[in-house]
Ligand SMILES: [Zn+2]
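Residue numbers (my numbering): 2 to 451.
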């Protein structure tokens, strides 16, 4: 009995030394690639704030502490807003992998015995989410209904098709094939430029004129995959890798919204004292790292996996994201498999909004923070107000409104009295008007036409 207890205690002791998990809301703290004798533990100070303590047992070498934050579920941390500070309050250099921002590795020297890991509220607050009820007006007086459509043009779900790592086959295969189907692709590029002392060439840089031509045509989207796909060492390098790539993309979209999808790339390491939020806000990027179905043939059964994923997203009315690397025979995705997936998307095209990642992110963010309010109504007319919480310079994707009209023949006007073009749809015998409006605060009126 005693012996058994002893063994249990020993196992518990080892577990405690290697990783502390209890009482921290799913946060795990351990040494990175080190077993001790030093010990590491953590204390929760408040929600999203904990103190990590390290007790050295004679070790004098630098150690690294790994802090793994829950990625999903009830206790999920907003990983992009997390930083580490030492006891003097100085921001510490934290290492993370490009697509696992919730896992922090904090290198500490001999002098550090404790540090704080915490969430800092974004300086640019995220727009408040409105409720479903706030996005619909059900007016008894006129009998009209106004709502913000889930997706543009009455589509059921959205689909983005992404291509990573700037490969020549994006121009030779992906763009022309997507154009055959009439689909928009999102190209996550590494714009370089070639670094001194490196032999690595960046195809986006060497094929810049071709990309310029694609962007002039306006049917494809570019996204930020960092300048060189090599991670970053330090804050200045982070700025160059994220900001440099963002600027290269903006140059090809003169006068357009700067909002761009960002994915720092798998297999890369990033060291910075700052939160990812700093870079996202400064360069008008949004985090597009997660929730995407990898379409490389090496994963096996990709066409079927895509069919299933698309079906699920259609059933739930959600945004389905997929990503490719290189397209062509013997490359990450064969042309046949690529086309087979596009054929499936084509079959569902009437229900799918196939768009760029920034387009979809914009619509989602605009809609989820927008609000409709009734201004006035009578038996045959209705005036309502649209309120948008997003920055119109960045969020410029038109919102689709759907109206069950108060009379057989109506006219919809904006504040200036200009008539708005609408599309009439018959759904199960009922008539529905659909029209697009800019995502800005505005007043609209619907009145019966004599
Ligand atoms: Zn990549």
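C-beta: ideal position from N, C-alpha, C; glycine also. All of these numbers come straight from a predicted model, not from anything done at the bench.
query	result
Residues whose Cβ lies closer than 5 angstroms to any heavy atom of ligand 1, in chain order	165, 166, 266
Within 8 angstroms, strictly: CB atoms of residue 84 and residue 115	no
Contact the stretch 99-117 vs the stretch 132-140: 3+ CB pairs below 8 angstroms	no
Own chain partners of residue 106 with C-beta closer than 6 angstroms, once the 5 adjacent residues on each side are dropped	33, 65, 67, 96
Distance between beta carbons of residue 405 and residue 146, contact taken as under 8 angstroms	4 angstroms
Rounded C-alpha distance that separates residue 300 from residue 24	38 angstroms
C-alpha gap between residue 435 and residue 70, whole angstroms	44 angstroms
At least 3 beta-carbon pairs within less than 8 angstroms: the stretch 362-376 vs the stretch 201-209	no
Cβ neighbour criterion (16 or more within 10 Å) applied to residue 191	buried
Segment contact flag, the stretch 175-191 with the stretch 376-390, C-beta cutoff 8 angstroms, min 3 pairs	no
Segment contact, 8 angstroms Cβ cut-off, at least three pairs: the stretch 217-232 with the stretch 163-174	yes
Pairwise C-alpha distance: residue 426 and residue 181	28 angstroms
Burial state of residue 239, where buried means 16 or more other Cβ atoms lie within 10 Å	buried
Residue 155, DSSP secondary structure in three states	helix
Beta-carbon spacing of residue 352, residue 150 below 8 angstroms	no
Run of the beta strand (DSSP E) containing residue 32, from where it starts to where it stops	29-32
Counted within 10 angstroms of its Cβ, other Cβ atoms place residue 174 as buried (16 or more) or exposed	buried
Closest residue to residue 412 among 254, 446, 179, 361 (Cα-Cα distance)	446
N-terminal and C-terminal residue of the alpha helix (DSSP H) that residue 74 is part of	Looking at the DSSP string, residue 74 is not in any alpha helix (DSSP H), and its letter there is neither H nor E.
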